[in-house]
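Using our numbering, the first residue of the sequence shown is number 469, and each one after it goes up by one. This report refers to the structure that appears directly beneath it.
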Amino acid sequence: MDDQTSENQIATPPRQGPISGWETIPLYGRIVIALVLGVIAGLMLGTQASVLAIPGKLVLRLLGALAPALILAAIVHTFMTTQLGGPLAVRLPRLLLLNTLVAITIGLTVANVIQPGQGAGLTPPPSHEETTKTANPLALFLENVPKSLLGPLGDDGKVIGVIFIAVAFGMALRKERERPIGTVGHLLELFLESLITILHWIIAVVPLAVFGIVASIVGTEGFVQFKALGVFVVSVLLGLTIQAAYYLVRVRFGSWVSPGQLLRGGRDALVMAFSTASSTATMPVTYAALKDRVGLREQSASMGALVGANFNNDGTALYEAMAALFVAQMIGMDLSLQQQLMVVLTSIIASVGAAGIPEAGLVTMTMVFTAVGLPVQYIPILLTVDWFLDRCRTAINVMGDMNVSCLLDGKQRRET
Ligand code: ASP
Numbered sequence: 469m470d471d472q473t474s475e476n477q478i479a480t481p482p483r484q485g486p487i488s489g490w491e492t493i494p495l496y497g498r499i500v501i502a503l504v505l506g507v508i509a510g511l512m513l514g515t516q517a518s519v520l521a522i523p524g525k526l527v528l529r530l531l532g533a534l535a536p537a538l539i540l541a542a543i544v545h546t547f548m549t550t551q552l553g554g555p556l557a558v559r560l561p562r563l564l565l566l567n568t569l570v571a572i573t574i575g576l577t578v579a580n581v582i583q584p585g586q587g588a589g590l591t592p593p594p595s596h597e598e599t600t601k602t603a604n605p606l607a608l609f610l611e612n613v614p615k616s617l618l619g620p621l622g623d624d625g626k627v628i629g630v631i632f633i634a635v636a637f638g639m640a641l642r643k644e645r646e647r648p649i650g651t652v653g654h655l656l657e658l659f660l661e662s663l664i665t666i667l668h669w670i671i672a673v674v675p676l677a678v679f680g681i682v683a684s685i686v687g688t689e690g691f692v693q694f695k696a697l698g699v700f701v702v703s704v705l706l707g708l709t710i711q712a713a714y715y716l717v718r719v720r721f722g723s724w725v726s727p728g729q730l731l732r733g734g735r736d737a738l739v740m741a742f743s744t745a746s747s748t749a750t751m752p753v754t755y756a757a758l759k760d761r762v763g764l765r766e767q768s769a770s771m772g773a774l775v776g777a778n779f780n781n782d783g784t785a786l787y788e789a790m791a792a793l794f795v796a797q798m799i800g801m802d803l804s805l806q807q808q809l810m811v812v813l814t815s816i817i818a819s820v821g822a823a824g825i826p827e828a829g830l831v832t833m834t835m836v837f838t839a840v841g842l843p844v845q846y847i848p849i850l851l852t853v854d855w856f857l858d859r860c861r862t863a864i865n866v867m868g869d870m871n872v873s874c875l876l877d878g879k880q881r882r883e884t
């Protein structure tokens with residue numbers, strides 16, 4: 469018994485002092501503080517601040533490492549646990565794909581018209597060879613952080629990577645060690661939950677990364693990028709608003725629900741999506757709102773809100789496509805038609821694979837960038853605004869689920 473108590477204490481040491489104070493501040497508050505401190509540090513240190521960009525690279529590397537495993541576990545879990553079948557299930561994929569394509573088209577159009585990244589004048593990053601030439605101890609350390617969670621296991625000699633992974637899972641599983649595992653489903657859930665625990669740890673260091681990135685950008689390049697980032701935020705908000713308008717029009721003409729009824733009935737879910745930045749956490753609220761407040765049939769509510777929610781992340785798709793174009797514009801890289809099509813394709817996959825949890829879109833974004841040959845080094849810039857845009861796109865993800873449910877419910881109201 470005593471043993472147990474002392475071990476538990478090791479797992480969750482009581483925090484005191486400044487750290488516990490820092491942790492009580494919500495994530496967005498911590499990021500804003502980091503942003504302000506980053507600007508000050510950048511102004512004070514000038515070009516010397518460039519080394520501070522390393523934590524940002526580290527966070528990105530870790531997010532990227534988590535992506536394949538997270539996508540795998542999320543999709544397997546969805547297929548294992550959701551009820552598939554019935555006539556509605558045939559219409560569902562068609563509706564989901566159409567909505568996602570509309571979202572990406574809106575995103576690409578807005579980004580092409582407004583050109584938020586134009587004029588940022590960033591130089592493309594140095595090639596790999598140059599980077600290795602200037603490698604310092606920190607860069608060497610970074611080299612050992614696994615690029616993919618499963619990579620080092622199949623790669624002879626990458627012992628340090630294996631140790632990283634072992635420590636991460638060991639820590640994540642500490643509080644779960646007594647948990648009984650009865651079925652394959654339990655095992656998968658445990659795997660998914662451990663990944664999410666690890667993701668939360670990475671998110672905890674995001675403010676530090678933001679501080680470093682902002683300081684190094686302000687110190688070396690001034691404020692030009694932030695102007696571009698401001699235009700990017702406005703462009704994404706515009707894109708998401710157009711997507712919301714599209715949903716309302718579709719609902720108006722494709723179902724018995726009026727846009728007003730949908731907004732009034734779904735208000736709780738939308739507010740919750742914005743405040744938690746998690747469509748999965750919002751799922752029960754979305755379902756209840758559709759069934760009880762809007763008055764949809766049980767089956768259509770569950771198809772859209774429970775099944776659709778796992779695959780349908782239109783807000784995320786729109787965002788990923790816009791982000792890719794934005795960074796391409798910032799470094800003056802012209803994306804060919806073929807590359808833009810690749811953006812569409814990978815954004816669809818990335819949005820389907822994004823779990824409905826905070827920052828999941830940022831995790832899968834590395835995949836979109838890599839597929840079209842965009843340098844992932846610039847994703848950290850997006851960290852500075854992602855906490856806000858994540859909330860907005862989550863609300864649109866949830867609104868997309870509501871839209872699908874209404875369309876599945878058809879033009880005939882259920883009899884009460
Ligand atoms: N946070 C989003 C959601 O829960 C996913 C994302 O990061 O785009 O729907």
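In this text, a Cβ means the ideal position worked out from N, Cα and C, and glycines have one as well.
Scanning its chain for C-beta atoms nearer than 8 Å, with the 5 sequence neighbours on each side dropped, one finds no residue around GLU646. Cβ neighbours of LEU706 within its own chain (closer than 6 Å, five residues either side excluded): VAL578.
Spanning the alpha carbons of LEU876 and GLY575 requires a straight line of approximately 25 Å. Judged by DSSP in its simplified three-state form, ASN781 adopts coil rather than helix or strand.
Proximity of the beta carbon of ASP858 to the ligand ASP is indicated: a heavy atom of the ligand is located closer than 6 Å.
If you ignore the 5 residues before and after ILE816, its C-beta comes within less than 8 Å of the C-beta of LEU565, THR568, LEU569, ILE572, ALA785, all in its own chain and listed in chain order. Look at the stretch 793-841 and you find these whole runs of alpha helix (DSSP H), each 4 residues long or longer: 805-821, 828-840.
Ranked by how close their Cα comes to the Cα of VAL820, the residues LEU538, ILE666, ARG559, VAL719 have LEU538 in first place. Taken through DSSP and simplified to helix, strand or coil, LYS525 comes out as helix. Apart from sequence neighbours up to five positions away, the residues of its chain that approach GLY532 with a beta-carbon distance below 6 Å are THR834, ordered along the chain. For the 7 Å CB-CB criterion, THR832 and ALA818 form a contact. One residue list follows from the rule of a beta carbon closer than 7 Å to any heavy atom of the ligand ASP, given in chain order as ALA745, SER746, SER747, THR748, ASN781, GLY783, THR784, TYR787, ALA822, GLY824, ILE825, PRO826, GLU827, ALA828, GLY829, LEU830, ASP858, ARG861, THR862, ASN865.
If the five residues before and after ILE543 are omitted, its C-beta is found closer than 8 Å to the C-beta atoms of VAL820, GLY821, all from its own chain and listed in chain order. Excluding sequence positions up to five before and after ALA541, its CB lies within less than 7 Å of the CB of LEU656, PHE659, LEU660, LEU663, all in the same chain and listed in chain order.
At a Cβ-Cβ threshold of 7 Å, ASN865 and GLY772 do not count as neighbours.
The beta carbon of VAL674 sits closer than 7 Å to those of ILE499, VAL527, LEU851, all from its chain and outside the five residues before and after it, given in chain order. Secondary structure of ARG882 (DSSP, three-state): coil. Collapsing the DSSP output to three states places GLN767 in a helix. The DSSP-derived three-state label of GLN516 is helix.
Contact check between the stretch 727-734 and the stretch 743-751: fewer than three CB pairs, one atom from each, fall below 8 Å, which does not count as touching. The beta carbons of ALA634 and ILE666 sit about 12 Å from each other, so the pair does not count as a contact at 8 Å. Secondary structure at ALA745: coil, using DSSP grouped into helix, strand and coil. A check of alpha carbon separations from ARG861 across ARG718, ASN780, GLY514 identifies ASN780 as the nearest. Comparing alpha-carbon positions, the option among ILE685, PHE637, ALA756, VAL840 lying closest to HIS668 turns out to be PHE637. Rounded to whole angstroms, the separation of the alpha carbons of GLN693 and PHE742 is 26 Å. ALA509 is positioned such that its CB atom lies no closer than 7 Å to that of ALA677. Under the criterion of beta carbons closer than 8 Å, LEU774 and TYR755 qualify as touching, at roughly 6 Å. Taking C-beta atoms as the reference points, ALA521 and GLY680 count as a pair closer than 7 Å.
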